Amino acid sequence: MKRIALFPGSFDPFTKGHEDIVLRGLNLFDEIIIAIGYNSGKTHRYFPIDFMIEKIKHTFVNHPNISVQVYSELTAEFAKRNKARFLLRGLRNTTDFEYENSIAQVNKQLNGELESVFLITSPPFAYISSSIIREVHKYNGDISHLIPYTL
Numbered sequence: 009m010k011r012i013a014l015f016p017g018s019f020d021p022f023t024k025g026h027e028d029i030v031l032r033g034l035n036l037f038d039e040i041i042i043a044i045g046y047n048s049g050k051t052h053r054y055f056p057i058d059f060m061i062e063k064i065k066h067t068f069v070n071h072p073n074i075s076v077q078v079y080s081e082l083t084a085e086f087a088k089r090n091k092a093r094f095l096l097r098g099l100r101n102t103t104d105f106e107y108e109n110s111i112a113q114v115n116k117q118l119n120g121e122l123e124s125v126f127l128i129t130s131p132p133f134a135y136i137s138s139s140i141i142r143e144v145h146k147y148n149g150d151i152s153h154l155i156p157y158t159l
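In the numbering used here, the protein residues as written are 9 to 159.
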């Protein structure tokens, strides 16, 4: 059976840390779906979703087993519809673990076939977060070393 993983997130923006997790995930999975979800807790996106889809697709243009999709439903249901049996997540620190552990438990309850797989962020990317990138960009700071594409 094909090992399909879902890598869900708002990806506002998609960072070099995200790219690292996806590329390392290819060692574990046959296919990875980068799933851009609408976060009900966020009133609007900083980077337009169509722009981010284009940038992510361009980042992985040489990897036919990586795709990008947008969804606005429960992650567990979206995974089921796409035959993904794994959720791929990156952990930068213990705070991420606490948050991701709770989400993994709920997703497992909603979809018993769904396993969460956590990869520890590679040290060069451990300090990168989308919120930090947005703040630096907002004040015209250079974010080129934090993202795997050009703006």
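We put the CB at the ideal spot given by N, CA and C, even for glycine. All values reported here derive from a predicted model rather than from experimental measurement.
Environment of residue i [buried if 16+ CB atoms lie within 10 Å]
{"i": "residue 59", "result": "exposed"}
{"i": "residue 158", "result": "exposed"}
{"i": "residue 30", "result": "buried"}
{"i": "residue 138", "result": "buried"}
Secondary structure of residue i, DSSP reduced to three states
{"i": "residue 74", "result": "strand"}
{"i": "residue 97", "result": "strand"}
{"i": "residue 107", "result": "helix"}
{"i": "residue 33", "result": "helix"}
Residue i versus the options, residue with shortest Cα-Cα distance
{"i": "residue 10", "options": "110, 32 and 38", "result": "38"}
{"i": "residue 18", "options": "33, 43, 28 and 29", "result": "43"}
{"i": "residue 54", "options": "145, 105 and 114", "result": "145"}
{"i": "residue 131", "options": "106, 143 and 25", "result": "25"}
{"i": "residue 125", "options": "94, 119 and 111", "result": "94"}
{"i": "residue 140", "options": "22, 88 and 97", "result": "22"}
{"i": "residue 8", "options": "67, 71, 89 and 128", "result": "The structure shown does not extend to residue 8, since the chain is modelled only from 9 to 159, so the question has no answer here."}
Distance between residue j and residue i (C-alpha atoms, nearest Å)
{"i": "residue 121", "j": "residue 147", "result": "44 Å"}
{"i": "residue 112", "j": "residue 123", "result": "8 Å"}
Where the alpha helix (DSSP H) containing residue i begins and where it ends
{"i": "residue 18", "result": "Per DSSP, residue 18 belongs to no alpha helix (DSSP H) and is neither H nor E."}
{"i": "residue 62", "result": "57 to 67"}
{"i": "residue 86", "result": "83 to 89"}
Where the beta strand (DSSP E) containing residue i begins and where it ends
{"i": "residue 139", "result": "Premise fails: residue 139 lies in the alpha helix (DSSP H), 138 to 146, not in any beta strand (DSSP E)."}
{"i": "residue 92", "result": "First-last for residue 92: undefined, no H or E at that position."}
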